[in-house]
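Participant:
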Amino acid sequence: MTSRKPINRVTSKRRPSGEQPARAAAAPRSTPARKPRVPGATRPAASRPAREEQRPEQKKTAGRKKVSRGSGTPKSGRSFWSLVAAMLIAALLLGGFAAVAASRPGVDDSNKAYVDNKATEEVRAAADHALKTVYAYDVKNIDSYRDTAKQVLTGKMLADLDKYADTTISAVKQAQTSADAKADPIAVTLLTDDRAELLVNLVVSATKNGAAQQSVAGPIVLHMQKVDDRWLASDIVDQ
C-alpha cells in the first residue's frame, strides 16, 4: 500500500498579508454621511416638479404676449382711419359753412379783385398815387402840401389832414427834411363798384440836404372809395 500525505483540514490557505491592504486601498467605499434629522423640520420638496409646473405658465404668458403684440396693429390702423375720417368730416363742415355764408343775405359776393383785371389795376395805381402824394414831399414845395393832398383824400383821411396839416408843415420847415414814399407790393383784397381794400407795404425815407435820415417801413391796410368816378384814399389802418 502506498502511503498518503496527511491533509490538514483545519488550517485554511492564507494569502500573503500584503495583498489585503492593497485591495482595500484600491476600491475604497465612500458612503455619504447623513445629516442628523432635526425634530419638527420637514424635508424640502423636490424642485423638478416645480420647474415643470412653471413651464406651462411661461408658455401661457408667452402666448398672451404674442396676442397683445398682434393687437397693436389694428389699433394703429384704426387711429389712422379715424384721423382720415375726422379730416373728411372737417372738410365737409367747412364746405357747408362756406355755402351757408355765401347764401346768407347781406354777404357781399361781388368782389372783383383779380377777376376784373382792368378795375384791379386801376385801383392799384390810384392807391400808389395817393400814398406817394400824402407821405412824400419836398421841403421847397411844402406850402402847397395841403392843397395837393386834398385831391387824393376823402372821408377820415381828409378830416385828419385838415386837423394836422398846419402842424405837419411847420415841423417840416423846422427840420428842413424831405421825404420819399414807396408802396410795394400792393395787394387788392377787396374790390367792388365803389369800395376797395388794399394791403400795402409802405416805406417812407427822409432826407436832409441830400443825406439819408431816418426811414420807417411797415404794412398798412388802405381803404379807398370811389367818388365822382375817381378812387380816393379814405382810411389807413396800421398793422
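In numbering that gives the first Met the number 0, the protein residues as written are 0 to 238.
All C-beta atoms, glycine included, are put in the ideal place defined by N, C-alpha and C.
Just so it is clear, the structure is predicted and the values come from calculations on it, not from any experiment.
#1: Comparing C-alpha positions only, which one of Ile219, Gly209, Val202, Asp192 sits nearest to Lys117?
#2: Evaluate Ala98 with the Cβ neighbour count: other Cβ atoms within 10 Å of its Cβ, from every protein chain shown; 16 or more gives buried, anything less gives exposed.
#3: To the nearest angstrom, how far is it from the Cα of Ala126 to the Cα of Asp161?
#4: Name the one or two DSSP bridge partners that Pro184 has.
#5: What number of angstroms, rounded off, separates the C-alpha of Val215 from the C-alpha of Ala178?
#6: What would DSSP say about Tyr213, mapped onto helix, strand or coil?
#7: In or out: Thr188 buried (at least 16 other Cβ within 10 Å) or exposed?
#8: Going by alpha carbons, who is nearest to Ala180 out of Asn200, Arg229, Lys155?
#9: Less than 7 Å between the C-beta atoms of Ile141 and Val171, yes or no?
#10: State the beta-bridge partners of Gln173 as determined by DSSP.
#11: Considering Cα atoms alone, identify which of Leu198, Ser109, Ala211 is closest to Leu130.
#12: Scan the stretch 109-138 and note each continuous alpha helix (DSSP H) run of 4 residues or more that stays entirely inside, going in chain order.
#13: Looking only at its own chain, which residues have a Cβ that is under 7 Å from the Cβ of Val203, when we skip the five neighbours before and after it?
#14: So, at 6 Å on beta carbons, what are the nonlocal neighbours of Ala205 in its own chain, with the 5 sequence-adjacent residues on each side left out?
#15: Just mark Arg229 as buried or exposed, buried being the case when its beta carbon has 16 or more other beta carbons within 10 Å.
#16: Is it buried or exposed for Ser233, if we count other Cβ within 10 angstroms and need 16 for buried?
#17: Look at Ala112 and Leu231 and say whether their C-beta atoms are less than 7 Å apart.
#18: Could you give the DSSP three-state label for Thr166: helix, strand or coil?
#19: On the criterion of 16 or more Cβ atoms from any shown chain inside 10 Å, does Val236 qualify as buried, or is it exposed?
#20: Exposed or buried, what is Thr147 when buried is set at 16 or more other beta-carbons lying within 10 Å of its beta-carbon?
#21: Take Asn208 as the anchor and find which of Leu152, Lys149, Asp137, Arg145 has the nearest alpha-carbon.
#22: What would DSSP say about Asp179, mapped onto helix, strand or coil?
#23: Please report the residue range of the beta strand (DSSP E) in which Asp146 lies.
#24: Please state the DSSP three-state secondary structure of Asp159.
#25: Hey, Val114 and Thr132 are a contact pair by Cβ (cut 8 Å); roughly how many whole angstroms apart?
Facilitator: Judging by the given coordinates:
#1: Reading the sequence shown from its first residue, position 118 is the one you call residue 117. When each option's Cα is compared against that of Lys117, the closest is Asp192.
#2: Here residue 98 is taken as the residue at index 99 of the sequence shown, counted from 1. Only weak support exists for where Ala98 lies, its pLDDT of 45 falling under 50; the value from the coordinates is given anyway. For Ala98, the number of other beta carbons within 10 angstroms of its own is below 16, and it is reported as exposed.
#3: Within the sequence shown, the letter at position 127 stands for residue 126. Within the sequence shown, the letter at position 162 stands for residue 161. Note on geometry: alpha-carbon atoms of Ala126 and Asp161 lie some 20 Å from one another.
#4: On the sequence shown, residue 184 is found 185 positions in, with the first residue counted as 1. Paired residues: none, contrary to the question.
#5: Numbered from its first residue, the sequence shown carries residue 215 at position 216. Numbered from its first residue, the sequence shown carries residue 178 at position 179. Val215 and Ala178: Cα-Cα distance of roughly 11 Å.
#6: Taking the first residue of the sequence shown as 1, we reach residue 213 at position 214. Correcting the residue type first, residue 213 is Gln in the shown sequence and not Tyr. Strand at Gln213.
#7: In the sequence shown, the residue the question calls residue 188 occupies position 189. Label assigned to Thr188: exposed.
#8: Locating residue 180 in the sequence shown gives position 181, counting from the first residue. When each option's Cα is compared against that of Ala180, the closest is Asn200.
#9: Here the question's residue 141 lines up with position 142 in the sequence shown. Here the question's residue 171 lines up with position 172 in the sequence shown. Result yes, Cβ atoms of Ile141 and Val171 sit closer than 7 Å.
#10: Translated into positions along the sequence shown, residue 173 becomes position 174. None; Gln173 has no bridge partner.
#11: The residue you call residue 130 lines up with position 131 of the sequence shown. It is Leu198 whose Cα lies nearest to the Cα of Leu130.
#12: 116-134
#13: As a first step, residue 203 is located in the sequence shown; it is residue number 204 there, counting from the start. Cβ contact annotation for Val203 (same chain, cutoff 7 Å, sequence separation greater than five): Tyr134, Ala178, Ala180, Ser214, Val215, in chain order.
#14: As a working mapping, residue 205 is identified with position 206 in the sequence shown. Around Ala205: Thr176, Ala178, Gln212, Gln213.
#15: If you number the sequence shown from 1, residue 229 lands on position 230. Result: exposed.
#16: On the sequence shown, position 234 is the one that residue 233 refers to. That one is buried.
#17: For the purposes of this step, residue 112 is taken as the residue at position 113 of the sequence shown. For the purposes of this step, residue 231 is taken as the residue at position 232 of the sequence shown. No. Outside cutoff.
#18: Taking the first residue of the sequence shown as 1, we reach residue 166 at position 167. DSSP places Thr166 in helix when its eight states are reduced to three.
#19: Taking the sequence shown and counting its residues from 1, the one referred to as residue 236 is at position 237. Val236 is exposed by the Cβ-count criterion.
#20: Here residue 147 refers to the residue found at position 148 when the sequence shown is read from its first residue. Flag for Thr147 reads exposed.
#21: Indexing the sequence shown from 1 puts residue 208 at position 209. Residue Asp137 is the option with its Cα nearest to Asn208.
#22: On the sequence shown, position 180 is the one that residue 179 refers to. Correct three-state label for Asp179: strand.
#23: Residue 146 sits at position 147 when you count from the first residue of the sequence shown. Taken as a continuous stretch (DSSP letters only), Asp146 belongs to no beta strand (DSSP E), being part of the alpha helix (DSSP H) at 144-149.
#24: The residue labelled residue 159 in the question sits at position 160 within the sequence shown. Asp159 sits in a helix when the DSSP states are folded into three classes.
#25: Stepping through the sequence shown from its first residue, residue 114 is reached at position 115. Stepping through the sequence shown from its first residue, residue 132 is reached at position 133. Their Cβ separation, rounded to whole angstroms, is 28 Å, which puts Val114 and Thr132 out of contact at 8 Å.
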